[in-house]
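Colleague: Chains as they are written, first to last, in this note's numbering: chain A, 1 to 433; chain B, 1 to 242. To start, I am sharing the structure in question, which I have written as structure tokens.
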Amino acid sequence: MFGYYLNLALRSFKRNRVLTALMVLAIALGIGACMTTLTVFRVLSGDPIPGKSGQLFYVQLAAESMQGYIPGEEPNEQLTRTDAETLLREKRGDRQALMTGGGVSVSPESADVPPFIADSRYASADFFPMFDVPFLHGNGWSAGDDETRARVVVISKTLNDRVFGGGNSVGKTLRLDQSDFTVIGVIEEWRPTPRFYDLNSDRYGELESVFLPFSTSRDLKMGRSGNMNCWGDSRGDETALNVPCAWIQYWVELDSSAKRDAYLNYLTNYSEQQRAAGRFERPTNVRLRSVMEWLDFNRVVPNDVVMQLWLGLGFLLVCLLNTVGLLLAKFLRRSGEIGVRRALGASRAEIFKQCLVEAGAIGLAGGLLGLGLSLLGLWAVRQQPASYAELAHLDLGMLLTTFVLSIAASLLAGMLPAWRAMQVAPAIQLKSQ
Amino acid sequence: MLDMRQVAKVYRTELVETHALRSLDLHVGEGEFVAVTGPSGSGKTTFLNIAGLLETFTGGEYLLDGVNVKGLNDNQRSRLRNEKIGFIFQGFNLIPDLNLFDNCDVPLRYRGMPANERRIRIEEALSQVGLGSRLKHYPAELSGGQQQRAAIARALAGSPRLLLADEPTGNLDSQMARSVMELLEDINSRGTTIVMVTHDPELAARAQRNVHIVDGMATDLSVSPGLARAAHASAVEADAEA
């Protein structure tokens, strides 16, 4: 009967072109607005490292002094260099990495390419395997390179194209901040969104161009960027060891909840030891958050995007209410036909199904038009100056969601009108015709 | 075929109770052609709606082709209506957006019949009423008589055991009315039971048996000649008023 009902729906559309067009437009506008905002929201709130986000944990310790202490407040969002290097040395996780952002001057050998400043990340060796960084050529560095402060560098594909004209540049020399580095790896296109491993810088920005060992960066006193929280005398060098400044992000990989619990215990014990030694003054307060927990904690999705999503959903609701009214008018105007069909053997359920198929067909048409409006809306989003704007693209999943949402919304809108239509008393309709 | 015992129908509102049928007894045998007459408001239409399972009744018992319809749910009533009953209405009640073929197709669709069988039945039914060459015509393209014949074809396509006709010639001129009546007689002669509600005493006289409904109660005029004369007089009066 589905094909029959679909055929009847198409006939009905031809008969009431204006009314049908209004309903399709109402659904399309609602879907267009909703999918545009939903796509942006999904891009910004998605899992940046699917399959592994539950195994990666961000470490926080309360290393500050008692000055300004408020009971119950969150510990510092970053670690001191002393704590980060101690945790790294003790290797209690499956993998662990400390890191911070920075900027370096790049001086290409080729005279055709002028020197420029590039975003950089100073990290320890596990950064690459821990975050599943894909390589186009070569690999990351080893823990040995960390220890020897090796002059090795991993570069992004963009930088490789710019400086070396593409190709395998592993083994070539790259001059950074007046020091020569050997290229040991080129990263494939990779853009975790949001850039979860460091939420202190541009959360939706592009991947850094240069990656080199943290120890090397300190040895060469390379410029760093990002937040820093100091609570004591830094003696003129906030990035030195044993200085009361928190500026390092620390991630650990733990592949089971038992290991997570054990690591949390380890952090608690470590914190207690530091308190006993007089380094930590505040009550022990440690955190170990998974990637998604960390993103939630940092409210990584901008407030205006969340508000736009609610506005989009609200607009869809308004459009649906309009569609309910239009469908009600359409179905009840056909009360006579419904009466005849009932007399000829249609049960109430069949009338209900017929009406729902018609509503679903309107939803499908609305979905098609709504898809066009969504693409237009996303194009408009991409023209905005926000760093996440360029990420606003409709993928296959959202494309299917558009149709599913559109048909589901129209079926929902069609429920009440269809229910009213099936309640039509045939005897009255037949006599009044 | 149709057996009503003490059937009652009461319409209730907050303020008033209206007894449309009171203890109506009626038995229509297989293959009979029964005319139902009565003044306006006597309960004829209510009787027909209950007989056609379009309305429920509040008291009594109704057996359709041996099936007690009381307590059947909507699906069961719809199925029984679809398989056993054909309707012919005064206003034809063809669906204006469907051509004659598709109009006749409606009851067969709900029966879940295969496409080929539906096509054969529809073509046969429309041929039987003389509209075999107008399968693709829409109701608006036909005269009143042709529309009523199309409605009859729609009823016949489902091979109903019982044909319920509500003033089938009420909207037709006398020549067309005669033609439709002859068609009904022909259908009846092939074994289909017909119950026809009419105001027209001439049409009623052509039925095998007349039942008169007054104040929601039925009287079989074939066994009450005095009432037959009175019914005839009231029908003539009603006609004159119309």
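Cβ atoms here follow ideal geometry from the backbone N, Cα and C, with glycine treated the same way.
Going by beta carbon distance, what residues of the same chain come within less than 8 Å of residue 412/A, once the five residues before and after it are set aside?
Modeller: The answer, listed in chain order, is 320.
Colleague: Would you say the region 186–204 of chain B touches the region 26–38 of chain B, given that touching needs at least three Cβ pairs under 8 Å?
Modeller: The region 186–204 of chain B is in contact with the region 26–38 of chain B.
Colleague: Report yes if the CB atom of residue 147/B is closer than 8 Å to the CB atom of residue 92/B, and no otherwise.
Modeller: Yes. Within cutoff.
Colleague: I need the straight-line Cα distance from residue 169/B to residue 103/B, nearest angstrom please.
Modeller: The alpha-carbon atoms of residue 169/B and residue 103/B are separated by roughly 20 Å.
Colleague: Quick check on residue 54/B - is its C-beta less than 8 Å from some C-beta in chain A?
Modeller: Yes, because at least one Cβ of chain A sits closer than 8 Å to the Cβ of residue 54/B.
Colleague: Check whether the region 123–138 of chain A and the region 199–219 of chain A are in contact - that is, three or more C-beta pairs closer than 8 Å.
Modeller: They touch, by the three-pair rule.
Colleague: Quick one: give me the first and last residue of the alpha helix (DSSP H) that residue 388/A is part of.
Modeller: Careful: residue 388/A lies outside any alpha helix (DSSP H) and carries neither H nor E.
Colleague: So is residue 9/A in contact with chain B if we call contact Cβ pairs under 8 Å?
Modeller: False, the Cβ-Cβ gap to chain B never drops below 8 Å.
Colleague: What in chain A is Cβ-close to residue 25/B, meaning under 7 Å?
Modeller: Within 7 Å Cβ-Cβ: nothing; residue 25/B doesn't reach chain A, min ~22 Å.
Colleague: Looking at chain B, is there any beta carbon in it that lies within less than 8 Å of the beta carbon of residue 344/A?
Modeller: Yes, contact with chain B.
Colleague: Should residue 15/A be labelled buried (16 or more other beta-carbon atoms within 10 Å of its own) or exposed?
Modeller: With fewer than 16 Cβ atoms within 10 Å of its Cβ, residue 15/A is classed as exposed.
Colleague: Indicate whether residue 82/B and residue 111/B have their beta-carbon atoms separated by less than 8 Å.
Modeller: Against a cut-off of 8 Å, the Cβ pair of residue 111/B and residue 82/B comes out as a contact.
Colleague: Would you tell me roughly how many angstroms separate the C-alpha atoms of residue 414/A and residue 354/A, rounded to the nearest one?
Modeller: Roughly 11 Å between the two C-alpha positions.
Colleague: Classify residue 14/B: buried if its beta carbon has 16 or more other beta carbons within 10 angstroms, exposed otherwise.
Modeller: That one is exposed.
Colleague: Take every Cβ of the region 51–68 of chain A, pair it with every Cβ of the region 287–294 of chain A, and state whether three or more of those distances are shorter than 8 Å.
Modeller: Yes, since at least three Cβ pairs between the region 51–68 of chain A and the region 287–294 of chain A fall closer than 8 Å, the two stretches touch.
Colleague: Which of the residues in the region 283–312 of chain A, read from start to end, lie with their CB under 8 Å from any CB of chain B?
Modeller: Residues passing the 8 Å Cβ filter: none.
Colleague: How many angstroms separate the CA atom of residue 152/A from the CA atom of residue 143/A?
Modeller: Their backbone Cα atoms lie some 12 Å apart in a straight line.
Colleague: Smallest Cα separation from residue 370/A: which of 383/A, 407/A and 294/A?
Modeller: Closest option to residue 370/A, Cα to Cα, is 407/A.
Colleague: Does the beta carbon of residue 78/B come closer than 8 Å to any beta carbon on chain A?
Modeller: So, interface residue.
Colleague: Please state whether DSSP places residue 116/A in a helix, a strand or coil.
Modeller: Residue state, collapsed to three classes: strand.
Colleague: When the cut-off is 8 Å and only beta carbons count, does residue 335/A lie next to chain B?
Modeller: Judged by the 8 Å Cβ criterion, residue 335/A is not in contact with chain B.
Colleague: Is there a C-beta anywhere in chain A that falls below 8 Å from the one on residue 187/B?
Modeller: No, because no Cβ of chain A sits closer than 8 Å to the Cβ of residue 187/B.
Colleague: Looking at the C-beta of residue 424/A, does it have a partner C-beta in chain B at a distance below 8 Å?
Modeller: So, not an interface residue.
Colleague: Please tell me whether residue 418/A has its Cβ less than 8 Å away from any Cβ of chain B.
Modeller: No - not a single Cβ of chain B is within 8 Å of the one on residue 418/A.
Colleague: Counting only the same chain and skipping the five closest in sequence on each side, list residues whose C-beta sits under 6 Å from that of residue 138/B.
Modeller: Closer than 6 Å at the Cβ level, and outside the excluded window around residue 138/B, lie 99.
Colleague: Can you give me the C-alpha to C-alpha distance between residue 25/A and residue 360/A, rounded to a whole angstrom?
Modeller: So the two alpha carbons sit approximately 14 Å from each other.
Colleague: Can you find a CB in chain B that lies within less than 8 Å of the CB of residue 357/A?
Modeller: False, the Cβ-Cβ gap to chain B never drops below 8 Å.
Colleague: How would you write the range of the beta strand (DSSP E) that residue 23/B sits in, first residue to last?
Modeller: Looking at the DSSP string, the run of the beta strand (DSSP E) that includes residue 23/B is 17–28.
Colleague: Just mark residue 123/A as buried or exposed, buried being the case when its beta carbon has 16 or more other beta carbons within 10 Å.
Modeller: Buried, by the Cβ-count rule.
Colleague: Using the three-state DSSP reduction, which class does residue 88/A fall into: helix, strand or coil?
Modeller: Residue state, collapsed to three classes: helix.
Colleague: Can you name, in chain order, every residue of its own chain whose Cβ lies under 6 Å from the Cβ of residue 20/A, other than the five neighbours on each side?
Modeller: Cβ neighbours of residue 20/A beyond the five flanking positions: 13.
Colleague: What ranges does the alpha helix (DSSP H) occupy inside the region 389–431 of chain A, keeping only unbroken runs of at least 4 residues that lie completely in it?
Modeller: Here the runs fully enclosed are 396–422.
Colleague: Which residues in chain B have a C-beta closer than 9 Å to the C-beta of residue 349/A? List them in chain order.
Modeller: By Cβ distance, chain B contributes 74, 75 and 78.
Colleague: Tell me the residue span of the alpha helix (DSSP H) that contains residue 181/B.
Modeller: Start and end: 174–189.
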